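Quick note: the working numbering has the sequence shown finishing at residue 286, numbered continuously throughout.
In this text, a Cβ means the ideal position worked out from N, Cα and C, and glycines have one as well.
Fair warning: this is a prediction, and the values are worked out from it, not measured in the lab.
Below you'll find the structure, written out as structure tokens, and then a few comments.
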Amino acid sequence: MAAPRVLFRRPLLSAFRFSSGLRNTIPLPPSPLRVSVSSVARSFSSSPAIQSPSKMPSTESLVELAKGRHSIYKLGKESPVPDSKIEELVNQAILSVPSAFNTQSTRLVVLLHQEHERLWDIATECFETLVKNGTVPEEVFKNQTQPKLQGFRNAVGTILFYEDPAHIQPFKEKFPTYKDQFEPWAQHTNAMHQYFLWIGLESLGFGANLQHYNPLIDAAVAKQWDVPTDYKLIAQLVFGKPEQEAQEKPKKPVEERVKIYGRL
Ligand SMILES: Cc1cc2nc3c(=O)[nH]c(=O)nc-3n(C[C@H](O)[C@H](O)[C@H](O)COP(=O)(O)O)c2cc1C
Numbered sequence: 023m024a025a026p027r028v029l030f031r032r033p034l035l036s037a038f039r040f041s042s043g044l045r046n047t048i049p050l051p052p053s054p055l056r057v058s059v060s061s062v063a064r065s066f067s068s069s070p071a072i073q074s075p076s077k078m079p080s081t082e083s084l085v086e087l088a089k090g091r092h093s094i095y096k097l098g099k100e101s102p103v104p105d106s107k108i109e110e111l112v113n114q115a116i117l118s119v120p121s122a123f124n125t126q127s128t129r130l131v132v133l134l135h136q137e138h139e140r141l142w143d144i145a146t147e148c149f150e151t152l153v154k155n156g157t158v159p160e161e162v163f164k165n166q167t168q169p170k171l172q173g174f175r176n177a178v179g180t181i182l183f184y185e186d187p188a189h190i191q192p193f194k195e196k197f198p199t200y201k202d203q204f205e206p207w208a209q210h211t212n213a214m215h216q217y218f219l220w221i222g223l224e225s226l227g228f229g230a231n232l233q234h235y236n237p238l239i240d241a242a243v244a245k246q247w248d249v250p251t252d253y254k255l256i257a258q259l260v261f262g263k264p265e266q267e268a269q270e271k272p273k274k275p276v277e278e279r280v281k282i283y284g285r286l
């Protein structure tokens, strides 16, 4: 196994299971995941990191990014930025994206270059096993699956989005009224990380597409990158140099999907 840039560490007692490897490369504040919920409560005036509205980036920039996001499947290996920019963006996702009750249960594994290629080799190997045991017809694999997987492999990197149940379960016990909500909320926060990183990667000049080869690849991926086996793999965001024009998909009318009451 090639040396991973991001490692997981047992035991669960460690609230933040990444090794210091990533943290050595990017200056990070003390891990917020180590801070208890009560100790992060700050008075309004002692929050220097929060920007005043006048200093906020423009809504236009946000809307442009949102409008410019498309699923791009033809991706190349040329990276528009150094890898450190990707790391900064991923760290900002982890630090900025909210979670229900501040559970902070999302975990991200970033696979770049050869490690990314290994991921899509693993996916190919998983499908080859399915072909061998007759679950997937060879024709389908050769004509459809393999070219698709090869397309993903041609890109720069993949971000794996996980949820860590060890950071969801205690909240179910502590807040039994909401116990059935914590799982869907974990999915929500995970999706927020996905969207942040999708448009964030776009802002760096990448194209991206979102994939779901879980649970087929889960065990092999966990083994390859030392991911705790209880982590739940939710999605894979593939990114690389965009090598096709974005295709605008048809949109259903806004009026059918948005209602505004009380507009002045
Ligand atoms: C929750 C979610 C799951 C998706 N799953 C997949 C997927 O498994 N494979 C895929 O190729 N695209 C997937 N997509 C991409 C959508 O098909 C795509 O975003 C949608 O058709 C709109 O196209 P656009 O991304 O170009 O705007 C997913 C998107 C979302 C939001």
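Residues whose Cβ lies closer than 6 Å to any heavy atom of ligand 1, listed in chain order: H92, S93, N231, L232, Q233, H234, K271. As a beta-bridge residue in DSSP terms, V132 pairs with I181. Taking F174 as the centre and dropping the five residues before and after it, the same chain places the C-beta of W142, V260 closer than 6 Å to its C-beta, in chain order. Around the beta carbon of H138, a 10 Å sphere encloses 16 or more other beta carbons of the protein chains shown; the residue is thus reported as buried. When the beta-carbon positions are compared, T180 and L133 come within less than 8 Å of each other. Scanning L238, H92, A122, L286 for the CA closest to the CA of Y200 turns up A122. Below 8 Å, enough C-beta pairs join the stretch 87-104 and the stretch 214-232 to call them touching: three or more. Spatial neighbours of L171 in its own chain (CB-CB distance under 6 Å, excluding positions within 5 residues in sequence) are listed in chain order as W142, A145, T146. Under the 8 Å Cβ criterion, the stretch 211-229 does not count as touching the stretch 190-199, having fewer than three qualifying pairs. Taking C-beta separations shorter than 7 Å and ignoring five residues to either side along the sequence, the partners of L238 in its chain run C148, following chain order.
Annotation: the continuous alpha helix (DSSP H) that includes K245 extends over 240-247. Listed as beta-bridge partners of K107 by DSSP are no residues whatsoever. Burial check for E185: the Cβ neighbour count within 10 Å reaches 16 or more, so the residue is buried. Apart from sequence neighbours up to five positions away, the residues of its chain that approach K194 with a beta-carbon distance below 7 Å are K201, F204, ordered along the chain.
Per DSSP, the unbroken beta strand (DSSP E) holding K263 starts and ends at 254-264. DSSP, read as helix, strand or coil, puts N212 in helix. Residue pairing for Q233: DSSP places it in a beta bridge opposite Q258.
Annotation for T81: the continuous alpha helix (DSSP H) segment containing it runs 81-90.
Taking C-beta atoms as the reference points, R140 and Q258 fail to come closer than 8 Å. For G98, the three-state secondary structure derived from DSSP is strand.
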